[in-house]
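**Q**
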């Protein structure tokens, strides 16, 4: 087995730089149930991760927390970057096999990883805390999540929504 190691920060930066082109493939459309809106519904988990990333970016802007260089330090951040790196390959697989399920599973794992980052590595300062480099880095992670999940939702035939 060949193992290639890539700097996680470069993965995050690459997603943002590619924007709407990141991971693009002609993935067959699929339908995720909209309800129930619980953690057991994979479609909800993906949609909610996209919405969370979007409002994290929006609130960061309102609070004056800029996006910054990604510094991947926490295990949750590292796992998130690994899931980001997996997305283009899974999109290509779904296109090649004309089966959206591997790609959908990849989106579910990416969304779950972003939820972990959001919960354990906050992008927004709390209380009287001053924004720092860690917050700016995590705003960048939120932007990468929004780009990747938004592209993924679009590829499976959904319009990404910032509100659920």
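In this note's numbering, the protein residues as written are 169 to 332. Using N, Cα and C, we set each Cβ at its ideal position, and we do this for glycine too.
List, from N- to C-terminal side, the alpha helix (DSSP H) runs of 4 residues or more that fit wholly inside the segment 275-329.
**A** 301-323
**Q** Which of helix, strand or coil does DSSP assign to residue 186?
**A** Walking along the chain shown from the start, residue 186 turns up at place 18. It is helical.
**Q** Where residue 239 and residue 229 are concerned, what is the direct C-alpha to C-alpha distance, given to the nearest angstrom?
**A** If you number the chain shown from 1, residue 239 lands on position 71. If you number the chain shown from 1, residue 229 lands on position 61. Each residue's Cα considered, the two are about 19 Å apart.
**Q** Exposed or buried, which one is residue 185 when buried takes at least 16 other CB atoms within 10 Å?
**A** Reading the chain shown from its first residue, position 17 is the one you call residue 185. Residue 185 comes out exposed.
**Q** With 16 as the cutoff for other CB atoms within 10 Å, does residue 183 come out buried or exposed?
**A** Taking the first residue of the chain shown as 1, we reach residue 183 at position 15. By the 16-neighbour rule on beta-carbons within 10 angstroms, residue 183 is buried.
**Q** Per DSSP, what kind of secondary structure is residue 227 in: helix, strand or coil?
**A** By one-based count along the chain shown, residue 227 stands at place 59. Residue 227 falls in the helix class under three-state DSSP.
**Q** With distances taken Cα to Cα, identify the nearest neighbour of residue 282 among 204, 242 and 268.
**A** What you label residue 282 is simply residue 114 of the chain shown in a count that begins at 1. Nearest option by C-alpha distance: 242.
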